[in-house]
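In our numbering, the protein residues as written are 462 to 690.
No residue lacks a Cβ here, since even glycine has one placed at the ideal position from N, Cα and C.
Given the structure is predicted, the values throughout are model-derived calculations rather than measurements.
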């Protein structure tokens, strides 16, 4: 069984959803420490000729708290308006923006659950049917950390093949996984340009950008644009 584990990110880039689509089961890693300045509550969108950082406000955010202990702050409606103004002239705006509105209109104060909901809704839109789990609801040994913690989740889930984003190559050792009878692979996203507002393509933006400029069929093709290394 192929498994991926990732912290829940706000409107992550295409590679995040390629990873979810590449596995049989996905675990939203909500019971690890919140990373200030990471991607849990922010991402980049395309603003005409440059990329623009968008941030979901939080309450009580601290590296000393778990992701599922942080709350959503005030200002999410302003963020929604920024997305509306930025992409109002994008070809798929009328199809995609109602989905974004639904995400922001949820009455959820917990950051982990808020972000988890938006990930699931986007997966449904993209036609991704991977089985979904929340790490805090699993029964692995939570005293473990790092690679050993991930291996413990793999053991509980019965995973034989763990797939991580390419950046995880500095965190996980194929030899250690092999010694535990598990295959370890890393997903490398292939950059496939698509039309944006500017003549210069900007890659690795939020999935919002991908959906606003590509219809569902095109999005499905982009989801296949990766290799395992």
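Buried versus exposed call for residue i [16 or more other C-beta atoms within 10 Å across all chains shown]
| i | result |
| --- | --- |
| residue 514 | exposed |
| residue 473 | buried |
| residue 476 | buried |
| residue 517 | buried |
| residue 502 | buried |
| residue 470 | buried |
| residue 557 | buried |
| residue 490 | buried |
| residue 620 | buried |
| residue 542 | exposed |
| residue 640 | exposed |
| residue 637 | exposed |
| residue 661 | exposed |
| residue 496 | exposed |
| residue 605 | exposed |
| residue 592 | exposed |
Selection from the options that minimises the alpha carbon distance to residue i
| i | options | result |
| --- | --- | --- |
| residue 687 | 555, 597, 616 and 484 | 484 |
| residue 674 | 502, 550 and 635 | 550 |
| residue 464 | 665, 646 and 680 | 646 |
| residue 622 | 578, 475 and 635 | 635 |
| residue 671 | 583, 470, 466 and 522 | 583 |
| residue 462 | 494, 555 and 614 | 614 |
| residue 576 | 545, 629 and 595 | 595 |
| residue 610 | 628, 633, 589 and 592 | 633 |
| residue 499 | 522, 567 and 578 | 522 |
| residue 649 | 664, 545, 625 and 657 | 625 |
| residue 644 | 478, 689 and 494 | 689 |
| residue 653 | 679, 669 and 535 | 679 |
| residue 486 | 466, 479 and 494 | 466 |
| residue 601 | 588, 590 and 617 | 617 |
| residue 664 | 488, 511 and 492 | 511 |
| residue 507 | 677, 681, 655 and 682 | 655 |
| residue 598 | 488, 642 and 535 | 488 |
| residue 607 | 685, 492 and 546 | 492 |
| residue 527 | 480, 494, 580 and 668 | 494 |
| residue 586 | 627, 561 and 628 | 561 |
Span of the alpha helix (DSSP H), counted from its first residue to its last, around residue i
| i | result |
| --- | --- |
| residue 640 | 635 to 640 |
| residue 688 | No alpha helix (DSSP H) holds residue 688; the beta strand (DSSP E) holding it covers 687 to 689. |
| residue 550 | Segment: none, residue 550 is in no alpha helix (DSSP H) and carries neither H nor E. |
| residue 587 | 572 to 587 |
| residue 662 | Segment: none, residue 662 is in no alpha helix (DSSP H) and carries neither H nor E. |
| residue 671 | 668 to 674 |
| residue 679 | 677 to 684 |
Min CB distance residue i to chain B below 8 angstroms
| i | result |
| --- | --- |
| residue 687 | No chain B appears in this structure, which consists of one protein chain only. |
Query raised in the report: Which residue spans inside the segment 462 to 529 form an unbroken alpha helix (DSSP H) run of at least 4?
Result: Whole alpha helix (DSSP H) segments, 4+ residues: 475 to 483.
**Report entry** Uninterrupted beta strand (DSSP E) stretches inside the segment 589 to 659 (no shorter than 3 residues)
**Finding:** Here the runs fully enclosed are 592 to 595, 622 to 626 and 644 to 650.
Query raised in the report: Is the segment 558 to 573 close to the segment 523 to 533, with three or more CB pairs under 8 angstroms?
Result: Result yes; three or more Cβ-Cβ pairs closer than 8 angstroms.
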